[in-house]
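Residue numbering for the sequence shown follows my numbering, starting at 74 and increasing by one per position. Glycine is no exception: its CB is placed at the ideal position from the N, C-alpha and C atoms. Have a look at the structure below, then the notes.
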Amino acid sequence: MTTDTRPKTVVIERDGWRVGGMAKGAGMLAPGLATMLVVLTTDADVDASALDAVLRAATRVSFDRLDSDGCMSTNDQVSLLASGASGVAPSAAELTEAVTAACLDLARQLQGDAEGASHDIAIEVVHAASEDDAVEVGRAVARSNLFKAAIFGNDPNWGRVLAAIGTTRAAFDPYAVDVAMNAVRVCSSGAPDRPRDEVDLTPRATHVLIDLKAGDATATILTNDLTHDYVHENSAYAS
């Protein structure tokens, strides 16, 4: 368990078959390399090549978009095993939907147990020129320590969001971007909108909506705030 505070498991039931999974991870969660260990199993009758395609599709929109602290480790893997015990052979679309649901559930559990976090932040980027742009923008905001510290302090500082977007190669007009926090639009067309005191950032669940007004693509990045407890845990930890 190391710094995990609880086990993370999921079961997705379908008609005559199922997908199950378990995950470990509470820090150093970032795409590519993370202290994240995930094992998924299914009793569906599926061959290895199909499993490979399904897992890659599922991780692309789940674990690959979980970025708790931007830090990486070499201890990282997601595996999908099939026994065929059910005798049911679901379609590729059916299996992809179930595995993706399991991966998203586990990714959110990992996010919710991130070291020292007091906010679970979903950064949703809409109307991007491409999905890659949406992911890059969301990840840039997720990795901004200034933004993460502002959320910890319950400060709807949209300027830190725009500053992070400005470091990306994404296509956007800074005088067109809207930013909303927990359903209150604090920035409209690159300028102040609703009063900051209308934004309630005290709940753990935090939603940031960024409208780039540059296209039709969207993506959501999951992250956490930067807290005193995170700093303490990682400064007091010795391996």
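task: Report the rounded CA-to-CA distance for F220 versus V127, giving the unit in angstroms.
output: On the sequence shown, residue 220 is found 147 positions in, with the first residue counted as 1. On the sequence shown, residue 127 is found 54 positions in, with the first residue counted as 1. Straight-line spacing of the CA atoms in F220 and V127 works out to 34 Å.
query: How many Å lie between A29 and L110 at the Cα?
result: Residue 29 is absent from the model: the chain starts at 74 and stops at 312.
- request: Helix, strand or coil for G93, going by three-state DSSP, please let me know.
  value: Position 20 of the sequence shown, counting from 1, holds the residue named residue 93. Looking at G93 - three-state DSSP - the assignment turns out to be strand.
field: Whole-angstrom distance between G239 and V199, CA atom to CA atom
entry: The residue given as residue 199 occupies position 126 in the sequence shown. The residue given as residue 239 occupies position 166 in the sequence shown. Distance between V199 and G239, taken at the CA atoms: about 16 Å.
- request: Return the chain-ordered list of same chain residues with a C-beta closer than 7 Å to the C-beta of R277, the five sequence neighbours on each side being excluded.
  value: Within the sequence shown, residue 277 is the residue found at index 204, counting from 1. For R277, where only same-chain residues beyond five positions count, the Cβ hits under 7 Å are S191, H192 and D193.
Pick from L295, D120 and G189 that is closest to Y303, judged by C-alpha positions: If you number the sequence shown from 1, residue 303 lands on position 230. For Y303, the nearest C-alpha among the options comes from G189.
- prompt: Run through DSSP, which three-state label would K221 get?
  reply: By 1-based counting over the sequence shown, the position of residue 221 is 148. Looking at K221 - three-state DSSP - the assignment turns out to be helix.
Separation of L168 from T291, as counted between CA atoms: Taking the first residue of the sequence shown as 1, we reach residue 291 at position 218. Taking the first residue of the sequence shown as 1, we reach residue 168 at position 95. Approximately 23 Å, taken between the alpha carbons.
- prompt: Quick one: what's R216 bridged to in DSSP?
  reply: In the sequence shown, the residue the question calls residue 216 occupies position 143. According to DSSP, which records beta bridges pairwise, R216 is partnered with nothing at all.
field: Close Cβ partners of A223 (< 8 Å) along its chain, the five nearest in sequence each way excluded
entry: For the purposes of this step, residue 223 is taken as residue 150 along the sequence shown, with counting starting at 1. Cβ within range, chain order: P229, N230 and R233.
- request: Can you tell me the Cβ-Cβ gap for V272 and C260, rounded? I've got them flagged as a contact below 8 Å.
  value: Position 199 of the sequence shown, counted from the start, is the residue given in the question as residue 272. Position 187 of the sequence shown, counted from the start, is the residue given in the question as residue 260. For V272 against C260, the beta-carbon gap comes to about 11 Å, at or over 8 Å, which does not count as contact.
- prompt: Looking only at its own chain, which residues have a Cβ that is under 7 Å from the Cβ of L179, when we skip the five neighbours before and after it?
  reply: Here the question's residue 179 lines up with position 106 in the sequence shown. Shown here for L179: same chain residues with a beta carbon closer than 7 Å to its own, the five before and five after excluded, namely K81, V83, G94, A96 and V111 in chain order.
field: In DSSP terms, what T114 is bridged to
entry: Walking along the sequence shown from the start, residue 114 turns up at place 41. As computed with DSSP, T114 is found in a beta bridge with G93 and L154.
message: Can you check which of these residues, S164, G143, K286 and T241, is closest to D298 by C-alpha distance?
response: Residue mapping note: residue 298 aligns to position 225 of the sequence shown, counting from 1. The residue among S164, G143, K286 and T241 with its C-alpha nearest the C-alpha of D298 is G143.
- prompt: Does DSSP put T169 in a helix, in a strand, or in coil?
  reply: Position 96 of the sequence shown holds residue 169. T169 falls in the helix class under three-state DSSP.
message: Between which residues of its own chain and T275 is the CB-CB distance below 8 Å, once the five residues before and five after are set aside?
response: Residue numbering aside, residue 275 sits at position 202 when the sequence shown is read from its first letter. So the qualifying residues of the chain are N227.
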